[in-house]
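The structure appears right after this line, and notes come after that.
Protein chains: 2
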Amino acid sequence: MVDFTREEREAVYRAIYARRDIRRFRPDPVPDDVVERLIDAAHHAPSVGFSQPWDIVVVDDEETKLEIKDIASRAIAAAQQGYTERKEDFGKLKLEGIEESPLNVCITCDPTRGAPHVLGRNTMREMDVYSTCLAVQNLWLAARAEGVGVGWVSFLYPHEVREVLDIPHHVQPVAYLCIGYPEGGFPEEPVLQQEGWRERIDVEELVHYGGWDPAKEPDGSVEAASD
Amino acid sequence: MVDFTREEREAVYRAIYARRDIRRFRPDPVPDDVVERLIDAAHHAPSVGFSQPWDIVVVDDEETKLEIKDIASRAIAAAQQGYTERKEDFGKLKLEGIEESPLNVCITCDPTRGAPHVLGRNTMREMDVYSTCLAVQNLWLAARAEGVGVGWVSFLYPHEVREVLDIPHHVQPVAYLCIGYPEGGFPEEPVLQQEGWRERIDVEELVHYGGWDPAKEPDGSVEAASD
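Protein sequences appear in the order of chains B and W.
Quick note, the first sequence lines up with residues 144 to 370 if you use this note's numbering.
Quick note, the second sequence lines up with residues 144 to 370 if you use this note's numbering.
Okay, structure coming up:
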């Protein structure tokens, strides 16, 4: 019944547990055949009504990367204004590796793909974007198995990314990913945990049996962890 | 540099390529230790600002499943009204396995987790929901490696699901998953492809180099494939 060997099963879990959000990259390129495998892995994600709403825009030229980095720099500066106590900590975090990573990839969602009747996108209209996120995670895990690091940059103004990459107005940029070999390898723990930003929540606090349990109190804040 | 063996890497790709959206289940339960591993895999997804915004509501009692199934039946009947030409085809599709599957799981997104300052959820407010979707895909791939099938039911009214499962108003039900051993094993192809609903798009039509290429014309419609 279970058609994966124990070793195969463990390899899948290993990719899941050893995957990290990478922000520091070595400059050496990711070989074309590896990039092709990552993209094909993304394309084999589940999608609502088998609509496959994603497109993948590959960016490796310095000029375009610098334009995207400029957007990120302004979005990061804007976010920093929202912090008071942790403003200094925030300033120390490395939040993107757009320029250093040899490859950037923007994964988008086209809501017109397979429309008007996308099977299953009826009462939950956002299912196409959800499908696009599933494709991102396929790519991320495949990359980990290839020894390739991925970092998702969300400090961006999506409408500006759209303009820089000539993405049509009806198509939504969902994920902007930096891709390359991680400098110093894959960290043992998530970077934000290493830096003391937040802790991993005890999984038991997140699981509810039969219905929502209001007694659960998940908290990954560092204050709570150290008090 | 690449720390996965060839066999380990292939196992990860195998999970990605052999994963299916399952709607027909055997009644035998998924052992508790397997369920725990699936949930822990979900919990090790990347999340914006390491916020871990997901909760996991586990449902295995008949009464609750029937309440959810009633919601799905109405959402499916509503969707069918939108079809004209393919109304009959639509009626033949099996769209959910809520009752048959031994286990249902609702994965939610709590936007207050780690708030007010969730690192990276500034200019892209939906990053918490995107993170929740990444958790779904971790669970889905881990399940495949365990020989366990998963089907995402999107024919649901999320506000009704919230009510049935006592989920607080501020928490968003993102994914309702049916989980169990697939009846007849995992299909070779996606179910909707097998049923002639849509075709897989040629991946080359989805990849753009340097910026959006308007010449690409992805189309997975069956009309296009057979014309």
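The beta-carbon is built from N, C-alpha and C at its ideal position, and this holds for glycine as well.
Are there 16 or more other CB atoms within 10 angstroms of the CB of residue i, so buried, or fewer, so exposed?
{"i": "F94 (chain B)", "result": "Nothing about residue 94 (chain B) can be reported from this structure: the residues present for chain B run from 144 to 370 only."}
{"i": "T227 (chain B)", "result": "exposed"}
{"i": "K208 (chain W)", "result": "buried"}
{"i": "R264 (chain B)", "result": "buried"}
{"i": "H302 (chain B)", "result": "exposed"}
{"i": "Y374 (chain B)", "result": "No statement about residue 374 (chain B) is possible, as the shown extent of chain B runs from 144 to 370 and does not include it."}
{"i": "K235 (chain B)", "result": "exposed"}
{"i": "G240 (chain B)", "result": "buried"}
{"i": "R180 (chain B)", "result": "buried"}
{"i": "P172 (chain B)", "result": "exposed"}
{"i": "A184 (chain W)", "result": "buried"}
{"i": "K212 (chain W)", "result": "buried"}
Using the three-state DSSP reduction, which class does residue i fall into: helix, strand or coil?
{"i": "T251 (chain W)", "result": "strand"}
{"i": "I199 (chain W)", "result": "strand"}
{"i": "G353 (chain B)", "result": "coil"}
{"i": "W295 (chain B)", "result": "strand"}
{"i": "D213 (chain B)", "result": "helix"}
{"i": "R162 (chain B)", "result": "coil"}
{"i": "F168 (chain W)", "result": "strand"}
{"i": "R341 (chain W)", "result": "strand"}
{"i": "A368 (chain W)", "result": "Note that A368 (chain W) has pLDDT 43, beneath the 50 cutoff, so the model's placement of it is unreliable and no number is given."}
{"i": "L335 (chain W)", "result": "helix"}
Can you grab the Cα-Cα spacing for the pair residue i / residue j, in whole Å?
{"i": "W295 (chain W)", "j": "D164 (chain W)", "result": "7 Å"}
{"i": "E326 (chain B)", "j": "A161 (chain B)", "result": "15 Å"}
{"i": "C249 (chain B)", "j": "P196 (chain B)", "result": "13 Å"}
{"i": "A368 (chain W)", "j": "H260 (chain B)", "result": "Here A368 (chain W) scores only 43 on pLDDT, less than 50, and its place in the model should not be relied on; the value that follows carries that caveat. A368 (chain W) and H260 (chain B): Cα-Cα distance of roughly 17 Å."}
{"i": "D198 (chain B)", "j": "L277 (chain W)", "result": "18 Å"}
{"i": "G363 (chain W)", "j": "V291 (chain W)", "result": "28 Å"}
{"i": "S274 (chain W)", "j": "K230 (chain W)", "result": "35 Å"}
{"i": "Y324 (chain B)", "j": "E348 (chain B)", "result": "34 Å"}
{"i": "E153 (chain W)", "j": "D345 (chain W)", "result": "22 Å"}
{"i": "Q337 (chain W)", "j": "G257 (chain W)", "result": "43 Å"}
{"i": "I182 (chain B)", "j": "A288 (chain W)", "result": "21 Å"}
{"i": "V191 (chain B)", "j": "E332 (chain B)", "result": "33 Å"}
{"i": "R167 (chain W)", "j": "T255 (chain B)", "result": "29 Å"}
{"i": "V314 (chain B)", "j": "P174 (chain W)", "result": "42 Å"}
{"i": "S244 (chain B)", "j": "P170 (chain B)", "result": "6 Å"}
{"i": "A215 (chain B)", "j": "I214 (chain W)", "result": "42 Å"}
{"i": "C321 (chain W)", "j": "L299 (chain W)", "result": "13 Å"}
{"i": "L335 (chain W)", "j": "V334 (chain B)", "result": "40 Å"}
{"i": "R305 (chain B)", "j": "D176 (chain W)", "result": "45 Å"}
{"i": "D370 (chain B)", "j": "P361 (chain B)", "result": "Per-residue confidence for D370 (chain B) stands at a pLDDT of 37, beneath the threshold of 50, marking its modelled position as unreliable; the derived number appears in the next sentence. Each residue's Cα considered, the two are about 15 Å apart."}
{"i": "D253 (chain W)", "j": "M267 (chain W)", "result": "16 Å"}
{"i": "H187 (chain B)", "j": "H186 (chain W)", "result": "22 Å"}
{"i": "V317 (chain W)", "j": "F147 (chain W)", "result": "32 Å"}
Identify which residue in the options has its Cα closest to the Cα of residue i.
{"i": "A158 (chain B)", "options": "W:R167, W:R169 and W:V145", "result": "W:V145"}
{"i": "W355 (chain W)", "options": "B:H312, B:E206 and B:Q224", "result": "B:H312"}
{"i": "D271 (chain B)", "options": "B:A185, B:H187 and B:F193", "result": "B:F193"}
{"i": "D232 (chain B)", "options": "B:R169, B:R341 and B:Y319", "result": "B:R341"}
{"i": "L282 (chain W)", "options": "W:F168, W:P189 and W:V307", "result": "W:P189"}
{"i": "Q223 (chain B)", "options": "B:V350, B:A358, B:E269 and B:L238", "result": "B:L238"}
{"i": "E206 (chain B)", "options": "B:V307, B:R268 and B:A218", "result": "B:V307"}
{"i": "R149 (chain B)", "options": "W:A285, W:L335 and W:E243", "result": "W:A285"}
{"i": "D178 (chain W)", "options": "W:A215, W:R217, W:L246 and W:V155", "result": "A small correction: the amino acid at residue 178 (chain W) is Val; Asp does not occupy that position in the sequence shown. Answer by Cα proximity: W:L246."}
{"i": "D203 (chain B)", "options": "B:Q337, B:D345 and B:Y319", "result": "B:Y319"}
{"i": "D309 (chain W)", "options": "B:P357, B:E338, B:E289 and B:P333", "result": "B:P357"}
{"i": "E389 (chain B)", "options": "B:Q280, B:A185 and B:E242", "result": "Shown here, chain B extends from 144 to 370; a query on residue 389 (chain B) therefore has no answer."}
{"i": "V350 (chain B)", "options": "W:S297, W:V365 and W:V200", "result": "W:V200"}
{"i": "A221 (chain W)", "options": "B:L262, B:T251 and B:A220", "result": "B:L262"}
Could you check where the alpha helix (DSSP H) with residue i kicks off and where it finishes?
{"i": "V177 (chain W)", "result": "D175 to H186"}
{"i": "D271 (chain W)", "result": "M270 to A288"}
{"i": "H312 (chain W)", "result": "Careful: H312 (chain W) lies outside any alpha helix (DSSP H) and carries neither H nor E."}
{"i": "D232 (chain B)", "result": "K230 to K235"}
{"i": "V371 (chain B)", "result": "What the structure shows of chain B is the stretch from 144 to 370, and residue 371 (chain B) is not part of that stretch, so it cannot be assessed."}
Should residue i be counted as a contact of the ligand FMN given a C-beta to heavy atom distance under 7 Å?
{"i": "R287 (chain B)", "result": "In terms of ligand content, the structure shown is empty, and the ligand FMN therefore cannot be addressed."}
Considering residue i, what are the terminal residues of the beta strand (DSSP E) in which it resides?
{"i": "Y319 (chain W)", "result": "Q315 to G323"}
Members of the stretch 173-186 of chain B near chain D, C-beta cut-off 8 Å: Absent here is chain D; the protein component of the structure consists of chains B and W.
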